[in-house]
Amino acid sequence: MALTIDQPIEHKQQSLPARLFASQTFWVVIAVILACLFLSFATDAFATSKNLYNITRNITFVAIIALGMTFVIITGGIDLSVGSVLCLSSMILAVTMHAGYSIEVGILASIATALAIGAFNGILIAYLGFPPFVVTLGMLSIARSLAMVASNNTVVFQFGPDHAKLLALGGGAWVFGIANPVLYMILLALITGFVLRWTKFGRHIFAIGGNEHAATLTGVPVRQIKVAVYMISALSAGIAGIIQTGWLGAVTTNLGTGMELQVIAATVIGGANLAGGVGTAFGAIVGAALIEVIRNSLGLLGINAFWQGVFIGGAILLAVLFDRIRNFRRSD
Amino acid sequence: MAVLELTNISKHFGAIQAVNDVSLSIEPGQVVGLMGDNGAGKSTLVKMIAGNFRPSHGTMHMDGKELILHKPADARQHGIEIVHQDLALCNNLTAAANVYLGRELRRGVGPFRILDYATMYRRAGQLFAELKSETRPRDLVKQMSGGQRQAVAIARTMLSQAKIVLMDEPTAAISVRQVAEVLNLIRHLRDQGISVVLISHRMPDVFTVADRVIVMRRGRKVADKTIASSSPEEVTGLITGAIEQV
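First to last, the protein sequences are chains A and B.
Note that the first sequence covers residues 48 to 379 in our numbering.
Note that the second sequence covers residues 202 to 447 in our numbering.
Structure (structure tokens):
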């Protein structure tokens, strides 16, 4: 009897290689590695430490927000406001520090702004039943406008007494010459991965994306969790904004324009499903990496920059195509 | 003693009398078929037992104590579990995750607590074994047959010490072979002393598995008798109104 109980318990769905081959993230990783290998041989400039430093750092801003977006997309929602929230958080940080406050106050104000916007989005979506697309589209407009109001539409590049600290935070490389933003990204990815796999909160996020009605019936606090995921998404945009401010050393009101689409693209390429219920932290990072490698390679291979959109768009469609093919095969 | 006793329960929505002066009692380990046409009031009655609605009149008693339910969670706390018609399963999660949905087990200290996958897989596996179901705890629900999905939804009701399981049309949308599987699951619940209220349109199911049948028409209870003393023809007559009352 013990045998018959243990067998089904130990039974895994598929063996490890089979699961790997069935995973979109795996194929995207392969694509990134192949692209990197190809570029290392095809160009002299790719495999230089300076270029790799640039690539890894460029990945981070999209990747950090993609981590936050992953939470939202797993619940079946979407957050179009992240690019504008990034801009507003950067601007609040810049304006606060420019006015003579310390970096701690600046970061606090900036994070608080992001969380407040996330909470506003989440409450409209979860409690008043607004469609996420519409709420965050509205916020896309509102947040950027507020950034213009906060700065009077000027460029801020002097950050008061803690100017040097802020630049070191975003532009430095404190450990083994790895750019600081990359370290933040790795840390945040580990936290995201942990939360999604090992916490009750993470489990409930997947449940909401899988069947929201079922989650409600089984006592999952659906509304609170929805508010929380939009706050996480806005928070990730705020964190990316702070880091990017330190790296750029200046904030303009067009910072992060169109970034929401890159972030969503990275999340989807990495294997998240816009219909909800599927997504991983690692996938978000890998998706962001593929986009950046494509961009970088076009430059190095001397292909006209106007073609960038075609290649990135193609990568999105290709990623989803693989997903469709797998589903067709499964339903047979 | 009856595990659940309803006395003169009524429910109206404005001028509409959905349930009218219904009294019934359910004994431990009994399977009761609740039948009636659409709009007969059976789902309103069930929703009152499940804590979704409060009765306009009448009282409910559980094990002799008065039962007042403000929300579905209260019903669950009293050992009343529901298998919803659509089963309320998440396709993207494993069988074990669905069984424990909303009641996940965790291990660790204080605020540092993580999901206890091992225990949840093991316990879910035991529940499926008790139900004599072939469902495997690690399988995703989206790859399961209708019978296995029913087993997952029913295993969920066995997590806590359920006294009554309300099943809303469990055999409405599955194949003939799977119906037999579900009826077996119901028998296993009964064998463990759990009372089952089976809401169904399907005459053969009720007559195969139930001990008693209650028929409702237009908000009133028109029959409440043992299966042995009734017949499908009589129940059909009662449902349609060809037979007024017995």
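Beta carbons: idealized from backbone N, C-alpha and C, even for Gly.
* Asked: Counting only beta-carbon atoms, is W245/A nearer than 7 angstroms to chain B?
  -> yes
* Asked: When Cβ atoms are compared, which residues of the stretch 296–316 of chain B fall closer than 7 angstroms to chain A?
  -> Flagged, chain order: A298, L302, G303, E305, R307, I315, L316.
* **C-beta contact flag for A363/B and I395/B at 7 angstroms** => yes
* To do: Say whether the stretch 407–415 of chain B touches the stretch 220–238 of chain B, bearing in mind that this needs 3 or more beta-carbon pairs closer than 8 angstroms, one atom from each stretch.
  => yes
* Asked: Short check: CB of R337/B to CB of L288/B, under 7 angstroms?
  -> no
* To do: With V203/A as the anchor, note down where its alpha helix (DSSP H) starts and where it stops.
  => Run containing V203/A: none; DSSP gives neither H nor E here.
* So which residues on chain B does T265/A lean against when the C-beta distance must stay under 7 angstroms? -> A289, L302, G303
* Residue interval of the beta strand (DSSP E) (run including A219/B) -> 217–227
* To do: Give a yes or no on whether 7 angstroms exceeds the smallest Cβ distance from A65/A to chain B.
  => no
* L114/A lies in the alpha helix (DSSP H); which residues open and close that run? -> 96–121
* To do: Buried or exposed for D392/B, please, with buried defined as at least 16 other CB atoms from any protein chain shown within 10 angstroms of its CB.
  => exposed
* To do: Measure from the C-beta of G257/A to each C-beta in chain B and report whether the shortest distance is under 7 angstroms.
  => yes
* Check the DSSP bridge columns for D287/B and list the partner residues they point to. => None, per the DSSP bridge assignment.
* Would you kindly report the start and end of the unbroken beta strand (DSSP E) that includes H271/B? => Where H271/B is concerned, there is no enclosing beta strand (DSSP E), given that its DSSP letter is neither H nor E.
* For the stretch 155–179 of chain A, which residues have a CB atom closer than 8 angstroms to at least one CB atom of chain B, in sequence order? -> none
* Return no unless some Cβ of chain B is closer than 7 angstroms to the Cβ of V269/A. => no
* Sort out for me which residues DSSP pairs M368/B with in a bridge. => V284/B, L399/B
* By a C-beta neighbour count over all protein chains shown, 10 Å radius and 16 as the cutoff for buried, is A274/B buried or exposed? -> The residue in question, A274/B, is exposed, as its Cβ has fewer than 16 Cβ neighbours within 10 Å.
* Asked: Cβ of L386/B less than 7 angstroms from any chain A Cβ?
  -> Contact with chain A is absent for L386/B, since none of that chain's Cβ atoms lies less than 7 angstroms from the residue's Cβ.
* Asked: For N221/B and chain A, any beta-carbon pair shorter than 7 angstroms?
  -> The beta carbon of N221/B sits no closer than 7 angstroms to any beta carbon of chain A.
* Asked: Span of the beta strand (DSSP E) holding K243/B?
  -> First-last for K243/B: 243–250, but that is the alpha helix (DSSP H), not the beta strand (DSSP E).
* Output yes or no for whether 7 angstroms exceeds the beta carbon distance between V233/B and V398/B. => Contact: yes.
* Asked: In chain A, what lies closer than 9 angstroms to L268/B by C-beta?
  -> Within chain A, no residue comes near L268/B; the closest Cβ sits about 19 angstroms away, beyond 9 angstroms.
* Go through its chain and collect everything with a Cβ distance to K248/B's Cβ below 8 angstroms, but skip five positions before and after it. => Shown here for K248/B: same chain residues with a beta carbon closer than 8 angstroms to its own, the five before and five after excluded, namely F254 in chain order.
* Among M417/B, I444/B, A443/B, S430/B, the one whose alpha carbon lies nearest that of G242/B -> M417/B
* Does the separation of the CB atoms of I316/A and G334/A fall below 7 angstroms? -> yes
* **Buried versus exposed, by CB contacts within 10 Å (16 or more), I372/A** => exposed
* For chain A, find out if any of its Cβ atoms is closer than 7 angstroms to the Cβ of L328/B; answer yes or no. => no
* **Residue from V75/A, G224/A, I272/A, L230/A whose Cα sits closest to the Cα of K247/A** => I272/A
* Just the C-alpha distance for V298/A and A287/A, rounded to the nearest angstrom, thanks. => Rounded to the nearest angstrom, the two C-alpha atoms are 13 angstroms apart.
* To do: Go to V267/A, then tell me how far its alpha helix (DSSP H) extends in each direction, as first and last residue.
  => Run containing V267/A: none; DSSP gives neither H nor E here.
* Under 7 angstroms Cβ to Cβ from F369/A, same chain only, skipping five residues before and after it: list those, please. => For F369/A, where only same-chain residues beyond five positions count, the Cβ hits under 7 angstroms are Q71, W74.
* Asked: What are the start and end residues of the alpha helix (DSSP H) that includes R244/A?
  -> 227–245
* Buried or exposed: which applies to V377/B, given that a residue is buried once 16 or more other Cβ atoms fall within 10 Å of its Cβ? -> exposed
* **Host alpha helix (DSSP H) of E206/B (start-end)** => Segment 205–214 is the beta strand (DSSP E) holding E206/B; no alpha helix (DSSP H) there.
* Give, in chain order, every residue of the stretch 320–339 of chain A whose Cβ lies closer than 7 angstroms to some Cβ of chain B. => G324, V325
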